[in-house]
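Before any comments, here is the structure.
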Amino acid sequence: MCSTSCPLTETPAAYIWYKNGEFLYQDWSPWYQQLVSSEEAVRYSCAIKGYEDLRAPEVSVDSITSTCFTVTYAKGRMCSYKQTSEDEPCSITYPREVHVQKTAENHVTLTCHTSCPLTDSQTAYRWYHDGYINIKTESQQSDSPSSVENISCAVKGLEDLLSAEVCTKDQNCWTVNYISRRICALQGSSVNISSEYSYPYHQLPQSKSWFKITRSGKEEVKELIEAAGHVEYYDNMKNHHILRINNLKKNDSAEYTFRLQRQNGEWKQSDSPGVTLVVTGLEVKFTPSAVVTEGQRVTLTCSTSCPLTDNTNYIWYLNSRPLTLPENQNKHLVLDPVSSQHAGNYSCAVKTHNNISSREKTLTVHSKTGKWTPAAAAGVGAVLLVIIPLTVFCWIRRKRTSSQSPRIETSDNLEQLNPGRVYDEISAQPTEQDDLHYSEVCFHQNHADPLYSTVQPHQPQEEVPYAVVNIRPNTTPE
Numbered sequence: 001m002c003s004t005s006c007p008l009t010e011t012p013a014a015y016i017w018y019k020n021g022e023f024l025y026q027d028w029s030p031w032y033q034q035l036v037s038s039e040e041a042v043r044y045s046c047a048i049k050g051y052e053d054l055r056a057p058e059v060s061v062d063s064i065t066s067t068c069f070t071v072t073y074a075k076g077r078m079c080s081y082k083q084t085s086e087d088e089p090c091s092i093t094y095p096r097e098v099h100v101q102k103t104a105e106n107h108v109t110l111t112c113h114t115s116c117p118l119t120d121s122q123t124a125y126r127w128y129h130d131g132y133i134n135i136k137t138e139s140q141q142s143d144s145p146s147s148v149e150n151i152s153c154a155v156k157g158l159e160d161l162l163s164a165e166v167c168t169k170d171q172n173c174w175t176v177n178y179i180s181r182r183i184c185a186l187q188g189s190s191v192n193i194s195s196e197y198s199y200p201y202h203q204l205p206q207s208k209s210w211f212k213i214t215r216s217g218k219e220e221v222k223e224l225i226e227a228a229g230h231v232e233y234y235d236n237m238k239n240h241h242i243l244r245i246n247n248l249k250k251n252d253s254a255e256y257t258f259r260l261q262r263q264n265g266e267w268k269q270s271d272s273p274g275v276t277l278v279v280t281g282l283e284v285k286f287t288p289s290a291v292v293t294e295g296q297r298v299t300l301t302c303s304t305s306c307p308l309t310d311n312t313n314y315i316w317y318l319n320s321r322p323l324t325l326p327e328n329q330n331k332h333l334v335l336d337p338v339s340s341q342h343a344g345n346y347s348c349a350v351k352t353h354n355n356i357s358s359r360e361k362t363l364t365v366h367s368k369t370g371k372w373t374p375a376a377a378a379g380v381g382a383v384l385l386v387i388i389p390l391t392v393f394c395w396i397r398r399k400r401t402s403s404q405s406p407r408i409e410t411s412d413n414l415e416q417l418n419p420g421r422v423y424d425e426i427s428a429q430p431t432e433q434d435d436l437h438y439s440e441v442c443f444h445q446n447h448a449d450p451l452y453s454t455v456q457p458h459q460p461q462e463e464v465p466y467a468v469v470n471i472r473p474n475t476t477p478e
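Everything in the sequence shown is counted per UniProt numbering, starting at 1 for the first residue and increasing by one.
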């Protein structure tokens, strides 16, 4: 996430993300929306549009597990307690989940637990009382003041990964939490956004509603009204509310918050941010380029503007026909080495009930210089079929025209028609041989090799021979 060290006085126009120092993309959401790479050479940074010179220090991801992730900052101010210089790099291990555990003995004690077994004894924590930071403690445990209703916690330096709110008075208070705070969904699909809540036993909520927050220049908050076929509410489970959005469009990308209306008309919402929904389409991208030469390695990626779930299944199409891929190729399709038979229009889709698909993009494959490829053979063969009859026709006309001319002129004319000089690749016969014989030209009706190892092999080839053409010089004795 791209965050600032102090609250901003205005809503950012957009957040800009950089990869290895180069512009990557910009968006209204501060959350990074693509898959993070753990390769050593990949570095990330961000800035606020209009303040590109104030770019955040670069960070690289060292490792990612189901419970932890470790990053290295190019500048040490993110973990300055480890060293004196801010110009040196430093590494931090973060958890991927945080929760509060409540224990009651003589009084209530709260412990901030993480999904990652942090080994750094200097790790500090943030405690939030009814949404406000408690600056009095940074320890892993905290007491529960009697005046506080809701408590949550976070690891210092990772305040955006906030735990769920815990009601210190059992369930006798107002709380709003979310099952997932970041959702990536495909354009045209449906999504469920879920919230869990509690309220005092003697105060039933007047109403329950979802709100959409957009930040395109200025913040705009809009209450969502159920609309047939697009927005639906599900409130049939206790203390659980679901917002369902069907047939997602790009403008559905926003932050969504759930609120409970109290009897006095005030709205109760979570003290932490709501659910960020990013709606993405599919796009085929070629690496290194969409125009390549035979023998190169080409990687096709079914790209999205945010990371879909790991169990997403992709379908690839070449010229509108589905491809059967090797088991290890799904989101990425590798052609190594690429050949002229791989050229064509590619598209990708995600396996859903309606197989949401991308637009087609063309891969162009050039043959290597001087290399005889099936495509080149077909092209030259077609030229031969046209040139050979024309050559024979011209020779016959020239022979008739020259019947009254000296025989030496006829010989010169025949020499000019020598096909060996027209096509360098078809060598002329020795001068003492009487026949000028063109090699037999064969074209295969099915000459395509299988493109992918799992595509059905081609059927036996059927050769279609073309008639042999013989040209004999005039052998009439002088």
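Just so it is clear, CB atoms sit at the ideal spot from N, CA and C, and this is done for glycine as well. All figures in this text were calculated on a predicted structure; none of them were measured in a lab.
Identified DSSP bridge partners for residue i
i           : result
T123        : Note: T123 sits in no beta bridge, so no partner.
residue 506 : In the structure as shown, the chain begins at 1 and stops at 478. Residue 506 is therefore absent and cannot be evaluated.
A290        : DSSP lists no partner for A290.
Y256        : K212 and V275
Y154        : Here residue 154 is Ala; the residue named in the question, Tyr, does not match the sequence. Answer is R126.
S163        : Looking at the DSSP assignment, S163 forms no beta bridge with any residue, so it has no partner.
Q141        : T111
E283        : S303
T175        : S198
Q101        : T111
The beta strand (DSSP E) enclosing residue i, as first and last residue numbers
i    : result
V59  : V59 to I64
D27  : E22 to D27
Q269 : W267 to Q269
S303 : V298 to S303
I245 : H240 to I245
D235 : V231 to M237
C348 : G344 to V350
E196 : V191 to S198
V108 : V108 to T114
Y32  : Element bounds for Y32: n/a, residue is neither H nor E.
W316 : Y314 to L318
P95  : C90 to P95
I183 : R182 to L186
Residue i classed as buried or exposed, judged by whether at least 16 other C-beta atoms fall within 10 angstroms
i    : result
A227 : exposed
H342 : buried
L282 : buried
A154 : buried
T9   : exposed
A56  : buried
H129 : buried
C6   : exposed
E165 : buried
V291 : exposed
V42  : exposed
P95  : buried
Contacts around residue i, its chain only, beta-carbon distance under 7 Å, and the 5 residues preceding and following it disregarded
i           : result
L54         : A47
residue 483 : The structure shown has nothing for residue 483, since the chain only spans 1 to 478.
Y199        : W174, P205 and L260
K212        : K222, L224, A254 and Y256
T352        : S189
K268        : W174, V176, R259, L260 and R262
Contacts around residue i, its chain only, beta-carbon distance under 6 Å, and the 5 residues preceding and following it disregarded
i    : result
H113 : H99 and Q101
Y178 : S195 and V275
S339 : E294
Y234 : I242
Same chain, Cβ closer than 8 Å to residue i, neighbours up to 5 away in sequence not counted
i    : result
G229 : N246 and N247
P322 : I315 and W316
Test: residue i CB closer than 8 Å to a CB of chain C
i    : result
V334 : Absent from the structure is chain C; it holds one protein chain and no more.
Separation of residue j from residue i, as counted between CA atoms
i           : j    : result
P12         : K49  : 7 Å
P143        : T109 : According to the sequence provided, residue 143 is Asp. The question's Pro does not apply to it. Distance between the alpha carbons of D143 and T109: 5 Å.
N20         : P288 : 17 Å
L224        : Q296 : 51 Å
D336        : T312 : 24 Å
S3          : K75  : 16 Å
Y51         : I135 : 30 Å
T111        : N192 : 31 Å
L318        : T324 : 11 Å
residue 499 : Y201 : Missing from the structure shown is residue 499; the chain here goes from 1 to 478 and no further.
A124        : P30  : 24 Å
K249        : E232 : 15 Å
P89         : L24  : 23 Å
A349        : S358 : 6 Å
Q187        : C302 : 14 Å
T364        : V334 : 15 Å
residue 488 : N172 : Not covered by the structure: residue 488. The range shown for the chain is 1 to 478.
Y73         : E220 : 34 Å
V284        : K208 : 41 Å
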